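Take a look at the structure set out below.
Protein chains: 2
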Amino acid sequence: MPTLKEQGRKKVISRLFDAIAGAIAGSGVRIKAIGVGCPGPLDSKKGIVLSPPNLPDWRRVPLKKIIEKKFRLPVAVENDANCAGLGEAMNGAGRKASSMVLLTLGTGIGSAIVLNGKLWTGKGGFASELGHVSIDLNGPKCGCGNKGCIEMYASATAVERRRKAAGKMTAEDIYKAAEKGDKVSRRIVDETAVYLGAAVANIINALDPEVIVLAGGMAKAGEKYFAKIRKAAKERALKESFKGVRIVPAELGEDAGIIGAAWRAKKQ
Amino acid sequence: MPTLKEQGRKKVISRLFDAIAGAIAGSGVRIKAIGVGCPGPLDSKKGIVLSPPNLPDWRRVPLKKIIEKKFRLPVAVENDANCAGLGEAMNGAGRKASSMVLLTLGTGIGSAIVLNGKLWTGKGGFASELGHVSIDLNGPKCGCGNKGCIEMYASATAVERRRKAAGKMTAEDIYKAAEKGDKVSRRIVDETAVYLGAAVANIINALDPEVIVLAGGMAKAGEKYFAKIRKAAKERALKESFKGVRIVPAELGEDAGIIGAAWRAKKQ
Chain A
0 MPTLKEQGRK KVISRLFDAI AGAIAGSGVR IKAIGVGCPG PLDSKKGIVL
50 SPPNLPDWRR VPLKKIIEKK FRLPVAVEND ANCAGLGEAM NGAGRKASSM
100 VLLTLGTGIG SAIVLNGKLW TGKGGFASEL GHVSIDLNGP KCGCGNKGCI
150 EMYASATAVE RRRKAAGKMT AEDIYKAAEK GDKVSRRIVD ETAVYLGAAV
200 ANIINALDPE VIVLAGGMAK AGEKYFAKIR KAAKERALKE SFKGVRIVPA
250 ELGEDAGIIG AAWRAKKQ
Chain B
0 MPTLKEQGRK KVISRLFDAI AGAIAGSGVR IKAIGVGCPG PLDSKKGIVL
50 SPPNLPDWRR VPLKKIIEKK FRLPVAVEND ANCAGLGEAM NGAGRKASSM
100 VLLTLGTGIG SAIVLNGKLW TGKGGFASEL GHVSIDLNGP KCGCGNKGCI
150 EMYASATAVE RRRKAAGKMT AEDIYKAAEK GDKVSRRIVD ETAVYLGAAV
200 ANIINALDPE VIVLAGGMAK AGEKYFAKIR KAAKERALKE SFKGVRIVPA
250 ELGEDAGIIG AAWRAKKQ
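Protein sequences appear in the order of chains A and B.
Residue 44 in numbering that gives the first Met the number 0 is what sits at position 45 of the first sequence, and the numbering runs on without skipping anything.
Residue 79 in numbering that gives the first Met the number 0 is what sits at position 80 of the second sequence, and the numbering runs on without skipping anything.
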């Protein structure tokens, strides 16, 4: 069901209760825990939603406690990109891998780091903000305060921004136009593959992961685009670390976050 | 004892045997395992030294097996930066921390990632090459093939290279001259602090670690220099992740690698 955030926090939470109650009633099994994926930043250890830009009246909401009190079940709250990453790691493109990094290329770039089957969340639960790892310390200023964040180059928003001079198009339109031979679109797509390749090479050199999963609209841009990203990454990554790494599209689509939230609850 | 690599691999290994035998004889305790720190790249899982640039006649040397056969004890072989990182994490600047990242600023930049008391070594043992994480995708070409690696900006070699126009100086001389008010040296040191701040901010955004330890000659450059690095990192890192992170000098000096190699053997 849609969030309908404009109705305010209380109504959103009330609708969330209805959704959970409905899911429990319809499940036909005994429910042992509840997993919730939620936009960050949030304190996943305490289950407190801090200040998501897209939920303006949510400020330090103790969502874990609120849902635990209502349903008398253990609750895990995790940021949505981490849930998607855990879902792909357990049941999607990263299954059977010992380590996986996910990048979700949407309005921004979300990401998750899964090491030995567990999310790496850092000291405060804020780790894996790979969209705000800079690929150019003197690059354009990002909303986060940093400069040259990969989000400024390879998110759907960034791709659309670069195409704007030649008329408004969505990122998906741009990928399609590039496929059909539109030169401006093709140049933008090629540039984006190089930016992503540079970011992926950094991830490979830093973490030497088994699988890097790319999700979001561009994941549908097809094998040709992935080949370009792999080529750019190979040119930049250390030979030993690049060897054997898989750079692949996500497999679970919109279900990744739901499946990952369930795993997060189970693992907690 | 010095390596004396010019005498060739066999003599180096024979002297290594002597050193181990001497250490065992002099220890007065029963030795249960041997830990070896060694320049990379190496396959730390199998204990094979692959092709260290500084040991030109070492090619795929199964050092773990060689030492195990000689001493009939379990042997762990790990790259020297990882050993130093593990040493600092267990007994030095990172003790009591749940996660620590080490950067050693020397001829190159070595690094280690320690998560929950364990080295993160990646799928093939090549992880944590943070010296080859790029801070400028269009930056100067690095020996590794990548462009704009932080090693090109903040290693001792890079600091010395930037000072060359105004006469040859070692990195330590440059730090000292900057302290004494030499303007060119001060500019170079300030620039380097910004480069390091950018690299540190990337590490913070990616991993949200509890402690970042800086080792090598520059670690002696003093609190003023660390304050500049912290300031540059704070300007770039995400607020939530920067909060509570400690950016501190290494504590164990040259012993870090020895202590870490012992821990590596114990943990194996």
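Where a beta carbon is used, it is the ideal one built from N, C-alpha and C, also for glycine.
Because the structure is a prediction, the values reported are computed rather than measured.
**OP:** For A/GLY25, count neighbouring C-beta atoms within 10 Å of its own C-beta (all shown protein chains included) and say buried if the count is 16 or more, exposed if not.
**Re:** Label assigned to A/GLY25: exposed.
Subject >> Collapsed DSSP secondary structure at A/CYS82 in the structure displayed >> reply: Secondary structure of A/CYS82 (DSSP, three-state): helix.
**OP:** Output the distance between the C-alpha atoms of B/GLY36 and B/GLY259, rounded to the nearest integer angstrom.
**Re:** Near 8 Å, if we compare the C-alpha coordinates of B/GLY259 and B/GLY36.
**OP:** Below 9 Å between beta carbons is the criterion; list the residues of the region 95-129 of chain A that meet it against any residue of chain B, in chain order.
**Re:** The region 95-129 of chain A vs chain B, Cβ under 9 Å: ALA96, SER97, SER98, SER110, ILE112, LEU114, TRP119, THR120, GLY121, LYS122, GLY123, GLY124, PHE125, ALA126, SER127, GLU128, LEU129.
Subject >> Residues near A/TYR224 by beta carbon distance below 8 Å, same chain, minus five either side >> reply: Here A/TYR224 has TYR174, VAL188, ALA192, MET217 as same chain residues with Cβ atoms under 8 Å from its own Cβ, once five neighbours each way along the sequence are excluded.
**OP:** Might you give, ordered along the chain, the residues of its own chain that have their beta carbon closer than 6 Å to the beta carbon of A/GLY84, omitting 5 neighbours on each side?
**Re:** Contacts found: LEU101, ALA111, VAL113.
Original post:
If you compare alpha carbons, which of A/LYS233, A/SER13, A/MET168 is closest to A/TYR194?
Top reply: Ranking A/LYS233, A/SER13, A/MET168 by CA distance to the CA of A/TYR194 puts A/LYS233 first.
**OP:** Hey, could you find the ends of the alpha helix (DSSP H) A/ALA271 is sitting in?
**Re:** Given that chain A is displayed from residue 0 to residue 267, the structure contains no residue 271 of chain A and the question cannot be resolved.
Subject >> Closest Cα partner of B/ASP79 within the set B/GLY107, B/GLU159, B/ALA96, B/ARG94 >> reply: The option with the nearest alpha carbon to B/ASP79 is B/GLY107.
Original post:
If we call anything under 9 Å between Cβ atoms a contact, is B/ALA197 one with B/ILE149?
Top reply: Yes, the Cβ-Cβ distance between B/ALA197 and B/ILE149 is below 9 Å.
Original post:
In three-state DSSP terms, what is A/ILE47?
Top reply: Here A/ILE47 sits in strand by DSSP.
Original post:
When we look at the beta-carbon of B/ILE289 and count the other beta-carbons within 10 Å, is it buried (16 or more) or exposed?
Top reply: There is no way to answer for residue 289 of chain B, as the model of chain B reaches only from 0 to 267.
Original post:
Excluding five sequence neighbours on each side, which residues of the same chain lie with their C-beta closer than 7 Å to the C-beta of B/LYS44?
Top reply: Excluding sequence neighbours, B/LYS44 sits near GLY124.
Original post:
Excluding the five sequence neighbours on either side, which residues of its own chain have a C-beta within less than 6 Å of the C-beta of A/SER127, listed in chain order?
Top reply: Cβ neighbours of A/SER127 beyond the five flanking positions: SER110, ALA111, ILE112.
Original post:
From A/LEU136, A/SER98, A/SER154, A/VAL132, pick the residue whose C-alpha is nearest to that of A/TRP119; which is it?
Top reply: Answer by Cα proximity: A/SER98.
Subject >> Three-state secondary structure assigned by DSSP to B/MET0 >> reply: In the three-state DSSP reduction, B/MET0 falls in the coil class, being neither helix nor strand.
Original post:
With contact counted as at least three CB pairs below 8 Å, one residue from each stretch, are the region 239-254 of chain A and the region 178-188 of chain B in contact?
Top reply: With a cut-off of 8 Å, the region 178-188 of chain B and the region 239-254 of chain A do not count as touching, because too few Cβ pairs lie within range.
Original post:
Taking only beta-carbon atoms, is A/ILE211 less than 9 Å away from chain B?
Top reply: No, its Cβ sits nowhere closer than 9 Å to a Cβ of chain B.
Subject >> Per-residue burial, A/VAL60 [other beta carbons within 10 Å of its own, 16 or more giving buried] >> reply: Buried.
**OP:** Counting only runs of 3+ residues fully inside the region 213-256 of chain B, write out the beta strand (DSSP E) ranges in chain order.
**Re:** Fully enclosed beta strand (DSSP E) runs of 3 or longer: 245-248.
Subject >> Test item: CB-CB of A/ALA261 and A/GLY21 under 9 Å >> reply: A/ALA261 places its beta carbon 9 Å or farther from that of A/GLY21.
Subject >> Minimum C-alpha distance to A/ARG235 - residue among B/PHE16, B/PRO139, B/GLN6 >> reply: Looking only at B/PHE16, B/PRO139, B/GLN6, the smallest Cα-Cα distance to A/ARG235 is reached by B/PRO139.
Subject >> Span of the beta strand (DSSP E), counted from its first residue to its last, around B/LEU101 >> reply: Note, B/LEU101: beta strand (DSSP E), 98-104.
Original post:
In three-state terms, what does DSSP make of A/SER154?
Top reply: Coil.
Subject >> Endpoints, beta strand (DSSP E) assigned at A/LEU62 >> reply: Following the DSSP letters along the chain, one finds A/LEU62 in no beta strand (DSSP E) but inside the alpha helix (DSSP H) bounded by residues 62-70.
Original post:
Do we get a CB-CB distance below 9 Å when we pair A/LEU85 with the residues of chain B?
Top reply: So no, A/LEU85 is outside the interface.
**OP:** Please report the Cβ distance between B/ILE246 and B/ILE257, rounded to the nearest whole angstrom; I am assuming they are in contact, meaning their Cβ atoms lie under 8 Å.
**Re:** The C-beta distance from B/ILE246 to B/ILE257 rounds to 25 Å, too long to meet the 8 Å contact threshold.
Original post:
Going by DSSP, which residues form a beta bridge with A/ASP135?
Top reply: DSSP output for A/ASP135 lists B/ASP135 as bridge partner(s).
Original post:
Alpha carbon to alpha carbon, how far is A/LEU41 from A/LYS122?
Top reply: Answer to the nearest angstrom: the Cα atoms are 13 Å apart.
Original post:
Hey, would you say A/ILE12 sits closer than 9 Å to A/PHE70, going by beta carbons?
Top reply: No. Outside cutoff.
**OP:** Could you tell me if B/PRO248 is buried or exposed, where buried requires 16 or more neighbouring beta carbons within 10 angstroms of its beta carbon?
**Re:** Taking every protein chain shown into account, the CB of B/PRO248 has 16 or more other CB atoms within 10 angstroms, so this residue is buried.
**OP:** Flag B/GLY46 as yes when its Cβ comes closer than 8 Å to any non-hydrogen atom of the ligand FAD, and as no otherwise.
**Re:** This structure simply doesn't include the ligand FAD, nor any ligand for that matter.
Original post:
In whole angstroms, what is the alpha-carbon distance linking A/GLY93 and B/MET89?
Top reply: A straight-line Cα-Cα distance of about 32 Å links A/GLY93 and B/MET89.
Original post:
Any Cβ of chain B within less than 9 Å of the Cβ of A/LEU237?
Top reply: Contacts with chain B at 9 Å (Cβ-Cβ) include A/LEU237.
Subject >> Residues that A/GLY243 contacts on chain B, provided the C-beta gap is smaller than 7 Å >> reply: The contacting residues are LYS122, GLY123.
**OP:** Please go through the same chain and pick out, in chain order, the residues whose beta-carbon is closer than 6 Å to the beta-carbon of A/SER184, but skip the five residues on each side of it.
**Re:** If we look at A/SER184 and ignore the five residues flanking it on each side, its Cβ neighbours are ILE173, ALA176, ALA177.
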